[in-house]
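To start, the structure itself, in structure tokens.
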């Protein structure tokens, strides 16, 4: 939903309001929805250890060999004798990069004391952790960030669990207050009042909220 709004409303509205050459910096809550990835993103949690089965068909990855960038296909070729067109899985991907070792497990078990699956000090404890640390997997961006940057703009994600740093929350608070003060408990009146509520918030007040949030961020 938010990605659709970005493509169809937010980015076109910015383009219409500004001269060519201007770039937007879009502040986004670090919520689960905003951090979602595209279907073909390189994510270890969407892979099996072995080829085929129920796992995502991913975009091409890459790795460095002898100082050169090598493109790595995440699926077998259509004429493969055993797995034509199927996803390779973790083991095959790591074998092609020379990172597989005998007896490697798909992922570690959760530790009883911390609840973590992998020791942060160990880099080759399991196949999932090894892939997570590879540069092509590290370079993956959320779908929201991809859409914004493809349009030539920039985005910044707020810290997790700190929605109070997003000054749009103050905006929605004032909008809700207006709607409550002009409410007769009918949906028709709500629809009529919504544009008025949105227009009731002056730009000067929004700028003050922005400056206040900057001070809060500095304090953190």
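In the numbering used here, the protein residues as written are 5 to 224. Cβ coordinates follow ideal geometry from the N, Cα and C atoms, glycine included. For clarity, every value in this text was computed on a predicted model and none was experimentally measured.
- One alpha carbon belongs to residue 82, the other to residue 65, and they sit about 18 Å apart.
- Counting C-beta pairs with one atom in each stretch, the stretch 37 to 56 and the stretch 190 to 203 have fewer than three that are closer than 8 Å, which means they do not touch.
- Judged by beta-carbon spacing, residue 146 lies beyond the 8 Å limit of residue 67, meaning their Cβ atoms are not closer than that value.
- Apart from sequence neighbours up to five positions away, the residues of its chain that approach residue 178 with a beta-carbon distance below 6 Å are 205, ordered along the chain.
- Apart from sequence neighbours up to five positions away, the residues of its chain that approach residue 90 with a beta-carbon distance below 7 Å are 55, 56, 79, 80, ordered along the chain.
- For residue 183, the CB contacts under 8 Å within the same chain, skipping 5 residues up- and downstream, are 194, 197, 198, 201 in chain order.
- Leaving aside the five residues that flank residue 151 on each side, the residues in its chain whose CB is nearer than 7 Å to its CB run, in chain order, 7, 10, 11.
- Your pair residue 94 and residue 31 does not check out as a contact, with CB atoms roughly 36 Å apart and the cut at 8 Å.
- Looking at 45, 24, 28, 188, the one whose alpha-carbon comes closest to that of residue 136 is 45.
- Distance from residue 60 to residue 86 at the Cβ level is roughly 20 Å; contact not present, criterion being Cβ atoms closer than 8 Å.
- Taking C-beta separations shorter than 6 Å and ignoring five residues to either side along the sequence, the partners of residue 171 in its chain run 213, 214, 217, following chain order.
- If you check the CB distance, residue 221 and residue 169 come in under 8 Å.
- Taking C-beta separations shorter than 7 Å and ignoring five residues to either side along the sequence, the partners of residue 110 in its chain run 53, 94, 130, 131, 132, following chain order.
- In terms of Cα proximity to residue 176, the closest of 63, 73, 14, 210 is 210.
- Within 10 angstroms of the beta-carbon of residue 62 lie 16 or more other beta-carbons, which makes it buried.
- Excluding the 5 residues flanking it on each side, residue 155 has same chain C-beta neighbours closer than 6 Å at 15, in chain order.
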